[in-house]
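For the sequence shown, position 158 (counting from the first letter as 1) is numbered 756 according to our numbering, and the numbering increases by one without interruption.
Just so it is clear, CB atoms sit at the ideal spot from N, CA and C, and this is done for glycine as well.
This report concerns only the one structure given below.
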Amino acid sequence: LSNLKAQLNPHFIFNALNSIRALVDEDPKKSKMAITQLSSILRNSLRSDSNKLVPFEREMTTVYDYLSLESIRYEERLKTIYSIAPESNRFQIPPLMIQTLVENGIKHGIAMLKEGGTIAISTDVHKDMLKIEIRNSGQYKNGIKLDVGYGLLNTKKRLNLIYGPDAHFMISNEDGNTVLTTIEIPEDIYLKEEV
């Protein structure tokens, strides 16, 4: 499992630093905030190496910081929408899982579109299952290997190792302009963790 954990894309760090550098003279206050966000992302990435699971809320803090930094780079080409059920915070999830999928949606969807697009993250809790839906502008081309070494295959393997058959992962084209990634994970995973 530790070998499969996603790492932050070095290209993201490089692009984030370049975006912050461009902001320093233009908007010093915003550049300071961006440095704090990048620092938070790196700290959570390093911390994830020793954690099999992290609180959902901590993962979403990384996602908010990540998308905030990407919005500096993409400006009006990147729109974000959040609809997070408060009960989601009682769940533990694999670290950097949502961030990796969001990054995948930007890299293979929004970045390819001249006009840009939208990342929408929503959650719902039904009984003891957390359902996470990530929508991004673009089209999913089934069979093409994305993010060699990590990405979608990594997410599937991590979910299977931690939750076994109790977790579900699906990615498909919701319509002609939107890719939908759905993850369902159970709340009670203690038995699987001890195996």
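Exercise for the section: Indicate whether Thr660 and Leu615 have their beta-carbon atoms separated by less than 8 Å. Expected result: Numbered from 1 along the sequence shown, position 62 holds the residue referred to as residue 660. Numbered from 1 along the sequence shown, position 17 holds the residue referred to as residue 615. No, the Cβ-Cβ distance between Thr660 and Leu615 is not below 8 Å.
Handout entry: Rounded C-alpha distance that separates Glu782 from His724
Key = Position 184 of the sequence shown, counted from the start, is the residue given in the question as residue 782. Position 126 of the sequence shown, counted from the start, is the residue given in the question as residue 724. Approximately 10 Å, taken between the alpha carbons.
Practice task
Jot down the residue ranges of each uninterrupted beta strand (DSSP E) in the region 749-793, minimum 3 residues, whole runs only, in chain order.
Solution key: 766-773 and 776-784
Exercise for the section: Drop a sphere of 10 angstroms on the beta-carbon of Val652, count the other beta-carbons inside from all chains shown, and report buried for 16 or more, exposed for fewer. Expected result: To locate residue 652, count along the sequence shown from 1; it is residue 54. When all chains shown are included, Val652 counts as buried.
Practice task
Return the first residue and the last residue of the beta strand (DSSP E) that Ser720 is part of.
Solution key: Taking the sequence shown and counting its residues from 1, the one referred to as residue 720 is at position 122. Unbroken beta strand (DSSP E) run through Ser720: Gly715 to His724.
Handout entry: Through-space distance from Tyr664 to Phe612, alpha-carbon basis
Key = Here the question's residue 612 lines up with position 14 in the sequence shown. Here the question's residue 664 lines up with position 66 in the sequence shown. Near 13 Å, if we compare the C-alpha coordinates of Tyr664 and Phe612.
Handout entry: Span of the alpha helix (DSSP H), counted from its first residue to its last, around Tyr738
Key = Stepping through the sequence shown from its first residue, residue 738 is reached at position 140. Careful: Tyr738 lies outside any alpha helix (DSSP H) and carries neither H nor E.
Handout entry: Close Cβ partners of Asp764 (< 7 Å) along its chain, the five nearest in sequence each way excluded
Key = Locating residue 764 in the sequence shown gives position 166, counting from the first residue. Around Asp764: Pro784.
Exercise for the section: Compute the distance between the beta-carbons of Gly714 and Asn734, then report whether it is under 8 Å. Expected result: Residue mapping note: residue 714 aligns to position 116 of the sequence shown, counting from 1. Residue mapping note: residue 734 aligns to position 136 of the sequence shown, counting from 1. No, these two residues do not count as a Cβ contact at 8 Å.
Handout entry: Residue nearest to Lys630 in terms of C-alpha spacing, selected from Leu640, Ile639 and Arg619
Key = By 1-based counting over the sequence shown, the position of residue 630 is 32. The candidate whose alpha carbon is nearest that of Lys630 is Arg619.
Handout entry: Exposed unless 16 or more other CB atoms sit within 10 angstroms - verdict on Met768
Key = Your numbering for residue 768 matches position 170 in the sequence shown. Under this definition Met768 is an exposed residue.
Exercise for the section: Tell me whether Pro684 sits in a helix, a strand or coil according to DSSP, three-state version. Expected result: Numbered from 1 along the sequence shown, position 86 holds the residue referred to as residue 684. DSSP places Pro684 in helix when its eight states are reduced to three.
Exercise for the section: State the CB to CB distance for the pair Gly703 and Ile670, rounded to an integer number of angstroms; the pair is presumed to be in contact (CB under 8 Å). Expected result: Position 105 of the sequence shown, counted from the first residue, corresponds to residue 703. Position 72 of the sequence shown, counted from the first residue, corresponds to residue 670. At roughly 18 Å, the Cβ-Cβ gap does not stay under 8 Å, so Gly703 and Ile670 are not in contact.
Exercise for the section: Express the C-alpha separation of Leu759 and Ser666 in angstroms, rounding to a whole number. Expected result: In the sequence shown, counting from the first residue as 1, residue 666 sits at position 68. In the sequence shown, counting from the first residue as 1, residue 759 sits at position 161. One C-alpha to the other measures close to 31 Å.
Problem - Inter-residue Cα distance where the pair is Lys650 and Arg688 - result: In the sequence shown, the residue the question calls residue 650 occupies position 52. In the sequence shown, the residue the question calls residue 688 occupies position 90. In a straight line, the C-alpha of Lys650 is about 16 Å away from that of Arg688.
Exercise for the section: State buried or exposed for Arg756, treating a residue as buried only when at least 16 other CB atoms are found within 10 Å of its CB. Expected result: One-based indexing of the sequence shown puts residue 756 at position 158. Burial call: buried.
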